[in-house]
Amino acid sequence: MNPYQILGISPHASLAQIKSAYRQAAAINHPDRGGTHAAMVAINDAYDRLTHHLAPNNPHFNQSAPPPTSLSDWFVVYQGLLSIVERRGYKHGWITYRLIELQPPLEIWELHGQVMGYRAGFARYHWEKQ
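To convert, take the position in the sequence shown, counting from 1, and add 1483; that gives my numbering.
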């Protein structure tokens, strides 16, 4: 479904209008308020799709942000991606696409392969493609 339709806004909506529509939709459809988990996943996904390129301080989505410089910083980024998947109900393949965009070191690809239970060649294959 179209993210604009999910949030009930115009394709020309400003960031403030997108945020306002998201908050209203989330307040109505949150499972704690009688909504469903599926509705919240759709609302969160719509919001992410409409705002990911507008988030200048979000290193998980902003490709122009400088990449982490240390391995420990990469682990923090990876933990953040795992947290997003768990919180938003995304499929784990979403992390793979984000890692392709971020181009992490081999150690992060290996960690991702272990966490997801992928075959042994997965990490080296993706790392070499960068």
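All residues carry an ideal CB built from backbone N, CA and C; glycine is no exception.
As the structure is a prediction and not an experimental result, all values here were calculated from the model.
Check: Is the segment 1555–1563 touching the segment 1515–1526, taking contact as three or more C-beta pairs under 8 Å?; Outcome: no
Check: Run through DSSP, which three-state label would G1600 get?; Outcome: coil
Check: Rounded to a whole number of angstroms, what is the C-alpha to C-alpha distance between G1464 and W1610?; Outcome: This structure gives no information on residue 1464, because the portion of the chain shown stretches from 1484 to 1613.
Check: Is it true that the CB of L1490 sits closer than 7 Å to the CB of A1529?; Outcome: yes
Check: What would DSSP say about A1496, mapped onto helix, strand or coil?; Outcome: coil
Check: Residues in the same chain with beta-carbon distance under 7 Å from L1594, minus the five sequence neighbours each way, listed in chain order, please.; Outcome: Y1561
Check: Give the straight-line distance between the Cα atoms of L1582 and Q1507, rounded to the nearest whole angstrom.; Outcome: 31 Å
Check: Should P1494 and R1532 be called a contact, given that it needs their Cβ atoms to be closer than 7 Å?; Outcome: no
Check: Could you give the distance in angstroms between the alpha-carbon of E1590 and the alpha-carbon of Y1580?; Outcome: 17 Å
Check: Counting along the chain, where does the alpha helix (DSSP H) carrying G1576 start and finish?; Outcome: G1576 to L1585
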